[in-house]
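Colleague:
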Amino acid sequence: MRLLATLVLEAKPEEDVNKQEILAVFEDAASRPLAYAQAWKDRTGGKVVGSFPMNFPGEIAHAAGTLPMILQESDDAITLGHGLLFPFYCGYTRSMVDQAARQEFNVLDAIMFGDHCVQLLGMADAIRMQLPDTKVIFFQLISSMCDPWTFGRAVESFEVLKNELEEFLGSKISDEAMHESTKIFNRNRQMIRKLYEMRKSGAVSLSAVEMQHIVKSSMIMDKVDHNKLLEQFMAYVEANPEPEPKGIRLHLSGHFCQAPKREVLDMIEDCGAIIVGDDLYHGFRYISTDVDEAGKPVEALAKWYMERNTGVPCPTRVQNDVDWDSFLLKAMEQEKAAGMIVLMAKFCEPHMYYYPEVKEAFEKKGVPHLLIETEHESMAIEGLKTRVETFLEIVKRRQAA
Amino acid sequence: MNIAVQEKKANKLKSTRIAGKLVNDYWEMVWRAKEEGKLVCWYEGSAINPFLEAADICWVHGEAYSAMLAARHQEVKAQQAAEERGYMKELCSYARTHLGCAVTNQRNRNDADTGVSNAPDDDDLAAKLPAPDMIISAYAYCSTGQQWDEMTSRLFGKKVPIFNVSIPWVWGSKPDAGYLRGQEWDETSKYVARQLEDMVKFIEEQTGKPYPWDRLRAMMADIKTASKLRLEAMDMCTARPAPASFFDWVVSIAPINNLPVPGIVDYFTAVRDEVAARVATGEGAVPKEKYRLFFDGIMNWNKVGWLAEKFARYDAAVICGRYTHMAFWQEPDLINANDPLLGMAQNYLICPNNHAAPILIDLIMDLCKKFEVDGMVIHASRTCRAFTNPQFLIADAATKRLGIQTSMFEGDVTDESFYKDELLNSRVEAMLEAIDSRRMVA
Ligand code: SF4
Ligand code: SF4
């Protein structure tokens, strides 16, 4: 199987590549992550290390010379997974065990994770049982983020994770390699953040799905290749300005471990909205924060881990001195967003816990928002469309008032 | 009522009846706490109550409060209050019920501030729960537990001091890993013990007094004794017929888990003696023990007595379970009463979910073998995913390794609406029939 990434990177001179072609490469990798991993493996002979969302730093695995990849929910209907997790689990966990049960993760040499959402733990146990030959490395990251010992414990945890990976690979990961990988990852995040800024100011026209493909493919692809493509992409969009997109400016919030489905995002925009900002994991949350490029790499990761949650608070952590709702209201102000759509993966407990805080804060401020629960299985888009249209009418009326 | 039906009633332990009174006395003490000028601490999960009780702080275990409301069929009001604030039905119902109490409490306080007379009526148990002066979060395994505490703190405007203890999951992938052994176990135990030391400092800050370590040591000595008595009595249930049932052990959770320590040694002495007497006379927990079952999953608190009767009618003795037999000061020998922190930390690490599936499943299989069960009933509690996480893996191991029948039913910890009686009936009956046919073949 040939991947578009290789075709574009190898076959075309830089100046000939246009926006849509690069987006097609991102989409290709985003839609077939495991095929991408297999092609990368065939090409390089390297090892592939999968990780679970949302806080495992790929830098460690990259510095070890492997391909770090955040494992993704698949679009396929759940079959064998039904025998491993109950239907009242979030789509991400159910899809993941389903893929494991179908032996689709055979391309992975190891899996690493540090998050401990309760459903994720159930998923991890089931996956380990399905993949007896795959090394699954776990060390729980501290999730209370503002204790005096949070930093120290985070350092310890990243140290253990790094040591375990070294043990598995049989080689040490040097500080130099860590610094190098950090630079590459930072560069990647910075470019995507720049795109976010450009989208906000209207300097680039990117639909929600296109933005998702950019971020999602970054979770999957070799970061060096992704950076090359992003550089070409930036050069192209800067040289070829497009008319500013028109529509009701919205912020998209929520959806953690899995990417929101294309049909939902398209439907929202088809109703007359434009997405000008988000805090989705397959969005701004993933690229929000850089890692220090100097100093002790593991300490830099611990700092990153903490700063990330202060920057874009995550409901899977507990941090008494930051508020997700205030972050959202502030982000929307900067984005000049007139309303927010909350995408909540059905059964996602961390999100269900925090939603009342968000709802209360938004109601108090008079900022309109709409909650949409999403499901792994197909959703009744027509019904949702009516709700979104009504919501957009409300937003318009508020704007006019 | 005919005689046959009478004969099929669950033969509950008499000695556990006192648990009801002890529980009532304890909650009365909680409801009086503010009047008596006591500090109130809310906590969920791990049994940190001896730390608080020793320091004369009134302790409120969130699950225990929700379970009490459900057992008294008074949970709905609290759950509605939570729902009104936007907590969705798919959230842990223990948490929802308890958060509903917090919502009610805050509402009443706000009303009082604005001059609206809204004094809680004395029968409204959701409103009666005294607000916390501090929160300690020490939840093993389940992220939902930690978030529940965080939300409680937010509901009280983040004005209540909160202390977080992180209790990591024991993943056990190293070659030396196993139950109570290996590098991971040792390091994790010490990590939690260190945090308990800090927690004691937090308690000192709240009370403004030096921590009374002697009282804690004395309490831990009693807990150790009570725990050993409990385990001794449980062990006697290898007898046929089994003298006590899983449901008797469910009733005995509060005494070991969150009731005042004075009194629990007497309670478990009485239980142990009664169980021993039953073994001596051959008296069983069900009148006619035909099947011996393992119960996997957390309890349906609004259904305890009801389920006990249901299984008794099927001549099924539910003898042991993950919830009762793998938790609650389960490893008393780890506790050194003179220097209790490490042993307490280790007991917190042994909640019935906090070991990854391979270790957990081995423990469950051992229990099934020890008590010679013929089948396994699995309660898939809709909103407690901590318990449902490994259930398919457990069922699979029970069938493949022990060749026993399993049967799953849907229910919930405190939200009755998830419970499906017909499903339970038909599935349990199918399982018992399968056991019968296997016996006939054998
Ligand atoms: S955080 Fe939400 S989406 Fe992620 S595993 Fe947990 S329940 Fe699923
Ligand atoms: S989901 Fe279960 S384990 Fe988790 S907080 Fe609720 S009752 Fe406790």
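Top line first, the protein sequences correspond to chains S and G.
Final position of the first sequence in the working numbering is 825; the numbers increase by one with none missing.
Final position of the second sequence in the working numbering is 1558; the numbers increase by one with none missing.
Every residue, glycine too, gets a C-beta built ideally from N, C-alpha and C.
These numbers come from a predicted model, not from an experiment.
On a CA-only basis, which of G:ASN1505, G:ARG1388, G:PRO1326, G:VAL1402 is nearest ASN1469 of chain G? Give me that one, please.
Modeller: For the purposes of this step, residue 1469 of chain G is taken as the residue at position 353 of the second sequence. Out of G:ASN1505, G:ARG1388, G:PRO1326, G:VAL1402, G:ASN1505 has the C-alpha closest to the C-alpha of ASN1469 of chain G.
Colleague: Return the Cβ separation of TYR705 of chain S and CYS681 of chain S in integer angstroms, given the expectation that the two are a contact with Cβ distance under 8 Å.
Modeller: Indexing the first sequence from 1 puts residue 705 of chain S at position 281. Indexing the first sequence from 1 puts residue 681 of chain S at position 257. That pair is a contact at about 6 Å.
Colleague: Contact defined as beta carbons within less than 8 Å: I believe VAL1544 of chain G pairs with VAL1493 of chain G. What is the distance between those atoms, to the nearest angstrom?
Modeller: For this step, residue 1544 of chain G is matched to residue 428 along the second sequence. For this step, residue 1493 of chain G is matched to residue 377 along the second sequence. VAL1544 of chain G to VAL1493 of chain G, Cβ: 7 Å. Contact.
Colleague: According to DSSP, is PRO492 of chain S helix, strand or coil?
Modeller: Along the first sequence, read from residue 1 onward, the residue named residue 492 of chain S stands at position 68. In the structure shown, PRO492 of chain S sits in a strand (DSSP, three-state: E or B).
Colleague: So is GLU781 of chain S in contact with chain G if we call contact Cβ pairs under 8 Å?
Modeller: By 1-based counting over the first sequence, the position of residue 781 of chain S is 357. Answer yes: the Cβ-Cβ gap between GLU781 of chain S and chain G drops below 8 Å somewhere.
Colleague: Who are TYR1159 of chain G's beta bridge partners in DSSP?
Modeller: As a working note, residue 1159 of chain G is residue 43 in the second sequence. Beta-bridge pairing links TYR1159 of chain G to G:HIS1177, G:ILE1252.
Colleague: Measure the C-alpha to C-alpha separation of VAL542 of chain S and ASN1374 of chain G and round it to an integer number of angstroms.
Modeller: What you label residue 542 of chain S is simply residue 118 of the first sequence in a count that begins at 1. What you label residue 1374 of chain G is simply residue 258 of the second sequence in a count that begins at 1. Roughly 24 Å separates the two Cα atoms.
Colleague: Is any heavy atom of ligand 1 found at a distance shorter than 7 Å from the C-beta of THR1260 of chain G?
Modeller: Numbered from 1 along the second sequence, position 144 holds the residue referred to as residue 1260 of chain G. Checking every heavy atom of ligand 1 against the Cβ of THR1260 of chain G, none is found closer than 7 Å.
Colleague: Check the Cβ of TYR1159 of chain G against every Cβ in chain S and list those closer than 9 Å, keeping chain order.
Modeller: Translated into the one-based positions of the second sequence, residue 1159 of chain G becomes position 43. The premise fails here: TYR1159 of chain G is roughly 14 Å from chain S at the closest Cβ pair, so nothing lies under 9 Å.
Colleague: If you reduce the DSSP assignment to three classes, tell me which class THR798 of chain S lands in.
Modeller: Here residue 798 of chain S refers to the residue found at position 374 when the first sequence is read from its first residue. The answer is strand: DSSP assigns THR798 of chain S an E or B state.
Colleague: Consider the C-beta atom of CYS772 of chain S and the heavy atoms of ligand 2; say whether any pair is separated by less than 7 Å.
Modeller: Locating residue 772 of chain S in the first sequence gives position 348, counting from the first residue. The answer is no for CYS772 of chain S.
Colleague: Taking the C-alpha atoms as reference points, what is the distance between GLU1321 of chain G and SER1269 of chain G?
Modeller: Your numbering for residue 1321 of chain G matches position 205 in the second sequence. Your numbering for residue 1269 of chain G matches position 153 in the second sequence. Whole-angstrom Cα-Cα distance: 18 Å.
Colleague: With a threshold of 7 Å (Cβ to nearest heavy atom), would GLN743 of chain S be considered close to ligand 1?
Modeller: As a first step, residue 743 of chain S is located in the first sequence; it is residue number 319 there, counting from the start. No, the beta carbon of GLN743 of chain S sits no closer than 7 Å to any heavy atom of ligand 1.
Colleague: Is TRP1417 of chain G near ligand 2, judged by its Cβ being under 7 Å from some heavy atom?
Modeller: Against the second sequence, residue 1417 of chain G aligns to sequence position 301. Every heavy atom of ligand 2 is 7 Å or more from the Cβ of TRP1417 of chain G, so no.
Colleague: Roughly how many angstroms lie between the CA atoms of ASP1478 of chain G and GLU1199 of chain G, to the nearest whole one?
Modeller: What you label residue 1478 of chain G is simply residue 362 of the second sequence in a count that begins at 1. What you label residue 1199 of chain G is simply residue 83 of the second sequence in a count that begins at 1. Taking the straight line joining both Cα atoms gives about 39 Å.
Colleague: Specify, as a first and last residue, the run of the beta strand (DSSP E) that HIS650 of chain S falls within.
Modeller: To locate residue 650 of chain S, count along the first sequence from 1; it is residue 226. First-last for HIS650 of chain S: 647-663, but that is the alpha helix (DSSP H), not the beta strand (DSSP E).
Colleague: Give, in chain order, every residue of the region 532-556 of chain S whose Cβ lies closer than 7 Å to some Cβ of chain G.
Modeller: The region 532-556 of chain S vs chain G, Cβ under 7 Å: HIS540, CYS541, VAL542, GLN543, LEU545, GLY546, ASP549, ALA550, MET553.
Colleague: Under the rule that 16 or more other beta-carbon atoms within 10 Å means buried, what is PRO721 of chain S, buried or exposed?
Modeller: As a working note, residue 721 of chain S is residue 297 in the first sequence. PRO721 of chain S is buried by the Cβ-count criterion.
Colleague: Would you say ASP571 of chain S faces chain G, with C-beta separation under 8 Å as the test?
Modeller: The residue given as residue 571 of chain S occupies position 147 in the first sequence. Yes, because at least one Cβ of chain G sits closer than 8 Å to the Cβ of ASP571 of chain S.
Colleague: So does LEU1450 of chain G have its beta carbon nearer than 7 Å to some heavy atom of ligand 1?
Modeller: Within the second sequence, residue 1450 of chain G is the residue found at index 334, counting from 1. LEU1450 of chain G: no, Cβ never under 7 Å from ligand 1.
Colleague: Beta strand (DSSP E) containing SER642 of chain S: first to last residue?
Modeller: Taking the first sequence and counting its residues from 1, one reaches residue 642 of chain S at position 218. It is not in any beta strand (DSSP E) - SER642 of chain S instead sits in the alpha helix (DSSP H) that spans 632-644.
Colleague: Where does GLU1151 of chain G fall in DSSP's three states?
Modeller: Counted from its first residue, the second sequence places residue 1151 of chain G at position 35. The answer is coil: DSSP assigns GLU1151 of chain G none of H, G, I, E or B.
Colleague: Starting from GLU1526 of chain G, trace the beta strand (DSSP E) in both directions and tell me its first and last residue.
Modeller: Reading the second sequence from its first residue, position 410 is the one you call residue 1526 of chain G. 1521-1527 is the span of the beta strand (DSSP E), which, as asked, contains GLU1526 of chain G.
Colleague: Would you mind sorting ALA724 of chain S into buried or exposed? The rule is 16 or more other CB atoms within 10 Å of its CB.
Modeller: Along the first sequence, one-based indexing puts residue 724 of chain S at 300. Buried, since its Cβ has 16 or more Cβ neighbours within 10 Å.
Colleague: For GLN1311 of chain G, count neighbouring C-beta atoms within 10 Å of its own C-beta (all shown protein chains included) and say buried if the count is 16 or more, exposed if not.
Modeller: Taking the second sequence and counting its residues from 1, the one referred to as residue 1311 of chain G is at position 195. With 16 or more other Cβ atoms within 10 Å, it is buried.
Colleague: Would you verify that the beta carbon of GLN1263 of chain G is, or is not, closer than 8 Å to some beta carbon of chain S?
Modeller: Position 147 of the second sequence, counting from 1, holds the residue named residue 1263 of chain G. So, interface residue.
Colleague: Closer than 8 Å, Cβ to Cβ, to anything on chain G: give me those residues from the region 509-526 of chain S, in chain order.
Modeller: Those would be LEU509, PHE510, PHE512, TYR513, in chain order.
Colleague: For ALA1211 of chain G, is the beta carbon positioned less than 7 Å from some heavy atom of ligand 2?
Modeller: Counting from one through the second sequence, the residue named residue 1211 of chain G turns up at place 95. Result yes, Cβ under 7 Å from ligand 2.
Colleague: Looking at C-beta atoms only, is the number of pairs between the region 804-813 of chain S and the region 1353-1369 of chain G that lie closer than 8 Å three or more?
Modeller: Touching, no.
Colleague: Would you verify that the beta carbon of ASN733 of chain S is, or is not, closer than 8 Å to some beta carbon of chain C?
Modeller: The structure shown contains no chain C; its protein chains are S and G.
Colleague: Can you tell which of G:LEU1465, G:PRO1166, G:ILE1278 has the C-alpha that lies nearest to the C-alpha of ALA1443 of chain G?
Modeller: Along the second sequence, read from residue 1 onward, the residue named residue 1443 of chain G stands at position 327. Looking at the Cα atoms, G:LEU1465 is the closest of the given residues.
Colleague: For THR1504 of chain G, would you say it is in contact with chain S, using Cβ-to-Cβ distances shorter than 8 Å as the test?
Modeller: By one-based count along the second sequence, residue 1504 of chain G stands at place 388. Output row for THR1504 of chain G: interface = yes.
Colleague: Output, in chain order, the set of chain G residues within a Cβ distance shorter than 8 Å of PHE771 of chain S.
Modeller: In the first sequence, residue 771 of chain S corresponds to position 347, counting from 1. The answer, in chain order, is GLU1206.
Colleague: Please give me, in chain order, every unbroken run of the beta strand (DSSP E) with length at least 3 that falls completely inside the region 513-590 of chain S.
Modeller: Complete beta strand (DSSP E) runs here, min 3: 534-537, 559-562.
Colleague: State the beta-bridge partners of VAL473 of chain S as determined by DSSP.
Modeller: Position 49 of the first sequence, counted from the first residue, corresponds to residue 473 of chain S. In DSSP, VAL473 of chain S forms a bridge with S:PRO492, S:ALA534.
Colleague: Please decide whether TYR1203 of chain G counts as near chain S, where near means a Cβ-Cβ distance under 8 Å.
Modeller: Walking along the second sequence from the start, residue 1203 of chain G turns up at place 87. Chain S contact via Cβ: present.
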